[in-house]
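Residues in the sequence shown are numbered from 1 upward in steps of one, following full-length UniProt numbering.
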Amino acid sequence: MTTSSPELTAAGVPRAGGAGTLGGHTVSRVGFGAMQLERLHGDRQAAIALLRRVVELGVDHVDTAQFYGNGFVNELLRDALRPEDGVVIVSKVGADPDPGGRIPLRLAQRPEELRASVEDNLKSLGVERIPVVNLRRTDVGPGVRAEGDQLVDLDDQLATMIALRDEGKIGAIGLSAVTLDVLRRALPAGIVCVQNAYSLVSRDYEEMLRLCVDERIAWVPFFPLGGAFPAMPKVTDEPAVVAAAESLGRTPAQVGLAWLLHHAPNVLLIPGTADAGHLEANVAAGEIELDGTTLATLDAVQSRSLDVPLA
Numbered sequence: 001m002t003t004s005s006p007e008l009t010a011a012g013v014p015r016a017g018g019a020g021t022l023g024g025h026t027v028s029r030v031g032f033g034a035m036q037l038e039r040l041h042g043d044r045q046a047a048i049a050l051l052r053r054v055v056e057l058g059v060d061h062v063d064t065a066q067f068y069g070n071g072f073v074n075e076l077l078r079d080a081l082r083p084e085d086g087v088v089i090v091s092k093v094g095a096d097p098d099p100g101g102r103i104p105l106r107l108a109q110r111p112e113e114l115r116a117s118v119e120d121n122l123k124s125l126g127v128e129r130i131p132v133v134n135l136r137r138t139d140v141g142p143g144v145r146a147e148g149d150q151l152v153d154l155d156d157q158l159a160t161m162i163a164l165r166d167e168g169k170i171g172a173i174g175l176s177a178v179t180l181d182v183l184r185r186a187l188p189a190g191i192v193c194v195q196n197a198y199s200l201v202s203r204d205y206e207e208m209l210r211l212c213v214d215e216r217i218a219w220v221p222f223f224p225l226g227g228a229f230p231a232m233p234k235v236t237d238e239p240a241v242v243a244a245a246e247s248l249g250r251t252p253a254q255v256g257l258a259w260l261l262h263h264a265p266n267v268l269l270i271p272g273t274a275d276a277g278h279l280e281a282n283v284a285a286g287e288i289e290l291d292g293t294t295l296a297t298l299d300a301v302q303s304r305s306l307d308v309p310l311a
C-alpha cells in the first residue's frame, strides 16, 4: 500500500520515531546506519534479511558509504532495498576504502577524489542519483586529520559537490566533521544536513545545532551514544541515564537515543547494528516519552569532549 501521509512510509508503515525532513524528503526520525553490516560479510542472506526488517519497522532513512566494507555494504543495499520501499539513501565522500591500511579507509578530500567517490557509490548502489551525499571533512574529530595534499579548501570541494548536484548525480549536499565557521561558509551551497559526533555526554556543537534548527538543516549525530573508542565517554555509563532507564523500564541506550530526539526537532538518528533485536530496540527508542523532570535531569549531565584521536 502506498500513502502520502507524512507519518507513514511509502509502504504504509508508521515512520520510526515520527517524521522528519532531509533534503526535501520526509523520512523516519529513527534511521539506520549501515556501517555495521560489514560484520555480516560471511552471511549475506542474514544481512539482506536485516535490511528487509529495517523497512518493516518503518525506517526509510539509511546512511552508508562506499568505504564500508569496500563496497560490500552498498551492494547489500542495492540487493535488499526496492524502489517501492521509498528509502532515502545517504552516502558520504571524503574517504575511500583502503583494505590493506592500518584502518580500512584513506582520506580522499581532493575534488577529483570526491567526484570519483560519488561515481563509485553510484555504481555499487546501482542507482543513477544518490538523494543526499555528505562531504566528510576532517575539521573536527574524532578520527584522522587531513595533512599534505589532503588539506583542501572548502570552496573547491563545494564547487565539485554543486557540480555533481547540477549534473543530477546527487540530490543534495550535507556536511560532516565540520566546525561552525565551515558550516556558515557553506550555507550558500544549500546544505541539508550536518553529521558531527554528538551525544548526551558530548555536546560540543550546541551552537551549531541551533544554527541548523534556524536554517532547517537536519542534525544527524554520529556516535550518538559515545564510547566508540576507549577515550570517549559513554552515555550508557551515566548514572542519570541509568536511573531514567530503570524508571521507564527501558535500556540506557534507548534513553540516550530518546534524549536526542527530544533535544531538538531537526535531529535524525542513524544508530547502526548487525543484530535484529538491537535494531528493534533502537527503533523502539523513538516511542519513548521523556517528561520535563527527566529531561531537566538529563540536560544537566556534564558534557565532555568527543574530539579524540582515532586509535
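All C-beta atoms in this analysis are idealised placements derived from N, C-alpha and C, irrespective of residue type, glycine included.
No Cβ-Cβ contact shorter than 7 angstroms links S91 with A108. Inter-residue distance for V27 and A10 is about 10 angstroms (C-alpha atoms, whole angstroms). Taking the C-beta atoms as reference points, L269 is found nearer than 7 angstroms to L257. When beta bridges are read from the DSSP output, P97 appears opposite L105.
The three-state reading of DSSP puts I217 in coil, since its state is none of H, G, I, E or B. Bounds of the alpha helix (DSSP H) holding L295 are 292 to 299. Assignment of alpha helix (DSSP H) within the segment 31 to 67, counting only whole runs of 4 or more residues, yields 44 to 56 in chain order.
In the three-state scheme derived from DSSP, where H, G and I count as helix and E and B as strand, T236 is classed as helix. For A281, the closest of T297, H262, D299, A245 by C-alpha to C-alpha distance is A245.
Straight-line measurement puts the Cα of A197 at about 19 angstroms from the Cα of F67. Our two residues, R44 and V73, have alpha carbons roughly 10 angstroms apart in a direct line.
Residue pairing by DSSP places P14 opposite L8 in a beta bridge.
In this model, V133 and I162 are separated by some 11 angstroms (Cα to Cα). Straight through space, the alpha carbons of L122 and K169 are spaced by roughly 8 angstroms. Per DSSP, reduced to three states, the secondary structure at N74 is helical. V13 is positioned such that its CB atom lies no closer than 7 angstroms to that of F32.
DSSP places R136 in the uninterrupted beta strand (DSSP E) bounded by 132 to 136. DSSP places V87 outside both helix and strand once states are collapsed to three, so it counts as coil. Looking at the DSSP output, S202 sits in a beta bridge with S199. Counting the other CB atoms within 10 Å of its CB gives Q302 a total below 16, which places it among the exposed residues.
Taking C-beta atoms under 8 angstroms as the contact rule, G20 and G286 fail to qualify, at a distance of about 10 angstroms.
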